[in-house]
Amino acid sequence: MKSRRARPADLPALASLIAHYAEAGLLLPRSEGELRARLADFLVLEDTAGLAGCVALELYGPHLAEIRSLAVRPGAQGRGLGRRLLRYALNVARRRRIAQVFAVTESPEFFLRHGFMPAAREAFPEKLQRDCQGCPKRRNCRLHAVVLTLYPLPKRSDPLTVLAPTTAALAAR
Ligand SMILES: CC(C)(COP(=O)(O)OP(=O)(O)OC[C@H]1O[C@@H](n2cnc3c(N)ncnc32)[C@H](O)[C@@H]1OP(=O)(O)O)[C@@H](O)C(=O)NCCC(=O)NCCS
Numbered sequence: 002m003k004s005r006r007a008r009p010a011d012l013p014a015l016a017s018l019i020a021h022y023a024e025a026g027l028l029l030p031r032s033e034g035e036l037r038a039r040l041a042d043f044l045v046l047e048d049t050a051g052l053a054g055c056v057a058l059e060l061y062g063p064h065l066a067e068i069r070s071l072a073v074r075p076g077a078q079g080r081g082l083g084r085r086l087l088r089y090a091l092n093v094a095r096r097r098r099i100a101q102v103f104a105v106t107e108s109p110e111f112f113l114r115h116g117f118m119p120a121a122r123e124a125f126p127e128k129l130q131r132d133c134q135g136c137p138k139r140r141n142c143r144l145h146a147v148v149l150t151l152y153p154l155p156k157r158s159d160p161l162t163v164l165a166p167t168t169a170a171l172a173a174r
């Protein structure tokens, strides 16, 4: 099993894996055009059968990133690959000195097992604006936000105030 950054040749397999779970309502759908444009965000696992799993680390500025599109191929689940992908993405985030990593997911338990804390979705206004506004399911959304702090948060005087509501939301719990 090899872990590596995604390459253009992975696009068809990535699109098909994400579409599989999007149809089941477990992941947000992503078009091939969007995947091509954001390919640099993707880390993958590869085995002799091809793409075994993927995860994207999407930046929202220098201090905040989202774990997105975490998926393990049906048939390869339950063997630690999801955990391995998450650790890989968190290592990349640590190397980039990203203070906080969040996810919006139907499977919060998976992330809570790996040190994430529950958070309010409203703590991530850019995410709501980017992905939720046009979503037909936004009124009955079943997704939960979770967050992991990797480094001390920047001071409140930092121009990127996106982290302030996160801190407030966590403190309120
Ligand atoms: C969620 C997913 C990525 C987990 O990958 P996986 O390879 O099956 O998981 P692992 O074998 O690494 O399991 C790691 C741990 O998480 C637990 N776990 C796995 N899937 C879980 C889920 N959906 N909910 C809660 N816990 C889960 C496992 O029981 C295991 O626990 P343990 O460490 O106590 O043994 C995979 O099931 C998947 O692709 N799901 C469909 C897409 C999806 O829901 N993505 C997550 C949303 S971002």
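The opening residue of the sequence shown carries number 2 in my numbering; numbering runs sequentially from there. We put the beta carbon where it would ideally sit given N, CA and C, even for glycine.
query, result
"Sheet register partners of residue 101 (DSSP bridge)", "65 and 150"
"heavy atom of ligand 1 below 7 angstroms from residue 72 C-beta", "yes"
"Sequence-distant residues of the same chain with beta carbon closer than 6 angstroms to residue 112, five excluded per side", "104 and 147"
"C-alpha distance - residue 48 paired with residue 89, whole-angstrom precision", "16 angstroms"
"Buried versus exposed call for residue 67 [16 or more other C-beta atoms within 10 Å across all chains shown]", "buried"
"Helix, strand or coil at residue 161 [DSSP, three-state]", "Its pLDDT being 42, under 50, residue 161 is placed unreliably by the model, and the measurement read from it follows with that caveat. The answer is coil: DSSP assigns residue 161 none of H, G, I, E or B."
"Those residues which DSSP pairs with residue 4 across a bridge", "46"
"Proximal residues to residue 82 (C-beta, below 7 angstroms), its chain only, five neighbours per side dropped", "46, 53, 54 and 73"
"Buried versus exposed call for residue 86 [16 or more other C-beta atoms within 10 Å across all chains shown]", "buried"
"Beta-carbon proximity check, residue 40 vs residue 13, cutoff 8 angstroms", "no"
"Run of the alpha helix (DSSP H) containing residue 207, from where it starts to where it stops", "A query on residue 207 cannot be resolved here, the shown segment of the chain reaching from 2 to 174 and no further."
"Contact set for residue 109: own chain, Cβ-Cβ below 6 angstroms, skip 5 residues either direction", "145 and 147"
"Any non-hydrogen atom of ligand 1 within 7 angstroms of residue 110 CB", "yes"
"Residue 117 vs residue 71 beta-carbon contact at 8 angstroms", "no"
"Collapsed DSSP secondary structure at residue 107 in the structure displayed", "coil"
"Start and end residues, beta strand (DSSP E) containing residue 57", "51 to 60"
"Residues bridged to residue 115 [DSSP beta-bridge criterion]", "According to DSSP, residue 115 bridges with nothing at all."
"Contact test: residue 100 Cβ vs ligand 1 heavy atom, cutoff 7 angstroms", "no"
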